[in-house]
Amino acid sequence: MIVFSRELQQIAKTVKNFAEKEVEPYANQIEEENRVPEHLLEQAKQLGLFGIGIPEEYGGLGLGVTGKCLVLENLGRTHNGFVSIISAHTGIGSTGIVRLGSEYLKQKYLPDLAKGKLLAAFALTEPEAGSDAANLKTRAEKKGDRWILNGMKHFITNGPDADLFTVIAVTDPARGVRGGFTAFAVEKSFPGFQVGAVDRKMGLRGSHTAQLYFEDCEVPAENVIGEVGMGYVSALKILTEGRCTLAARAYGSCLKLIELAAAYMKQRVQFGRPIAENQGLRWMLSDMATETEVGRAFNYQVAQKLENGEKAIKEAAMTKYYASETFNRVADRALQIFGGIGYMKEYAVERFYRDARITRIYEGTSEIQKNIIAARLLGK
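Going by UniProt numbering, the sequence shown opens with residue 1, and the numbers climb by one from there.
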């Protein structure tokens, strides 16, 4: 049984109320306009949602991994594009500075990140380095008191809108992942930085991704996150926590889909009786709920390990893999229960179905997660 403190329960209640009563009514508008209304983002900032993982001394809520998961789970009950903006910011976008940044970087950036005055993003993926993160081409060369970055990134969530980017670049090609990658905090105002084309995506409307270009981009030496050469390790630490919080979002969406499906089964009448009396559909609903609750329990177990400072690379890969696959199965079954009407854009089920698909790809595909799990089991 998952037990949360009274404080976390109250936070979860507030977030759930915000997601369902404030955000959800604008879901179709977000779909049509591919833009989140500014007042919703402002409300999220006022609730402290942009600073959930930032320590209190820097103006954040100071929640641990468990608390972050609980918040993102409840946000996952509404529009996934809206949630992605906050999730990318509070997760992989700012976690590097929180966990690995110098006091200088924390003082400089965390207060504004916590308030939402700065929006954060994480830039690792490149055309030839997505699942194969070791194949990065973006280079950084030290010149005096600055690093000069050259290269490009793509599919970067919050890319067109972010103010601060955690960028992973190669600083020693000969050493590669074993001491040759470095993480940098890059401001959009730095000379040589430019946002490229904004992507047109199948789902996650309102959450924008884009290409980023670095052409002799000047980054102060003090903006290195962690140690020079340890960027690959830093990326793994950032992604490990990100996979756990991403799973929480997925389970929040699953819980909402289960509620929608159950309500529809009770009201929809076919052959003179509610379809809730159809055994086949009842079994589908039971599978949806069982897989979701099993996954949720495991995800909070992983969150607790991370919160305790334990290594959980294998477990984080497991929970991300299981959650994304479960979300897709739940969305598919929910759509089947709704039938033709669930295929219509005015219904939330259609939106969740499209948005679910990317979870099996980003922040490490399901296949990559299985490779990580196997490698750990085999002692590699």
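We treat Cβ as the ideally placed atom computed from N, Cα and C, and that holds for glycine.
Worksheet item: What do you get for methionine 202, buried or exposed, if any count of 16 or more other CB atoms within 10 angstroms of its CB means buried?
Response: exposed
Discussion item. If you follow the alpha helix (DSSP H) that asparagine 74 is in, where does it begin and where does it stop?
Written reply: 65-75
Item to complete: Kindly indicate which three-state DSSP category isoleucine 11 falls into: helix, strand or coil?
Response: helix
Worksheet item: Quick one, are the C-beta atoms of aspartate 216 and glycine 192 less than 8 Å apart?
Response: yes
Item to complete: Answer yes or no: do serine 324 and arginine 376 have a C-beta to C-beta separation smaller than 8 Å?
Response: no
Item to complete: Please name the residue in Ala134, Val186 and Asn328 whose C-alpha comes closest to that of alanine 120.
Response: Val186
Worksheet entry | Between the CA atoms of glutamate 31 and histidine 39 - distance to the nearest angstrom | 16 Å
Worksheet item: When you compare only the Cα positions, how much space is there between alanine 348 and glutamine 29?
Response: 12 Å
Worksheet item: Rounded to a whole number of angstroms, what is the C-alpha to C-alpha distance between leucine 8 and proline 111?
Response: 22 Å
Worksheet item: What is the DSSP secondary structure of aspartate 332, reduced to helix, strand or coil?
Response: helix
Discussion item. Please identify the residue among Ala248, Thr182, Gly196 and Lys237 whose C-alpha is closest to the C-alpha of glutamate 222.
Written reply: Thr182
Discussion item. For a test of the three-state rule: what should DSSP assign to threonine 319, helix, strand or coil?
Written reply: helix
Worksheet item: Nearest-angstrom Cα distance between alanine 133 and glycine 242?
Response: 16 Å
Worksheet item: Any idea what DSSP makes of lysine 380, helix, strand or coil?
Response: coil
Practice prompt. Mind listing, in chain order, the continuous beta strand (DSSP E) runs of no fewer than 3 residues lying wholly within the UniProt domain "Acyl-CoA oxidase/dehydrogenase middle" (121-217)?
Written response: 139-143, 146-157, 164-170, 181-187 and 193-198
Worksheet item: With a Cβ-Cβ cutoff of 8 Å, do serine 34 and glycine 206 count as a contact?
Response: Residue identity check: residue 34 is asparagine in the sequence provided, not serine. Yes; because the gap between Cβ atoms is below 8 Å, this pair is in contact.
Worksheet entry | Beta carbon of phenylalanine 271 nearer than 8 Å to that of threonine 209 | no
Discussion item. Excluding the 5 residues flanking threonine 78 on each side, which residues of the same chain have their C-beta closer than 6 Å to its C-beta?
Written reply: Ala19, Val23 and Glu24
Worksheet entry | Per-residue burial, tyrosine 104 [other beta carbons within 10 Å of its own, 16 or more giving buried] | exposed
Practice prompt. Return the residue from the list Asn17, Ile372 and Pro220 that minimises the CA-CA distance to alanine 317.
Written response: Ile372
Worksheet item: Considering only C-alpha positions, which residue in the set Gly144, Glu367 and Gly226 is nearest to isoleucine 97?
Response: Gly226
Worksheet item: Under the rule that 16 or more other beta-carbon atoms within 10 Å means buried, what is methionine 230, buried or exposed?
Response: buried
Practice prompt. Identify whether methionine 344 lies in helix, strand or coil by the three-state DSSP scheme.
Written response: coil
Worksheet item: Which residue from Pro37, Val36 and Leu63 puts its Cα closest to that of glycine 48?
Response: Leu63
Discussion item. Our contact map puts asparagine 80 next to aspartate 355 with C-beta atoms below 8 Å; I'd like the distance itself, whole angstroms only.
Written reply: 4 Å
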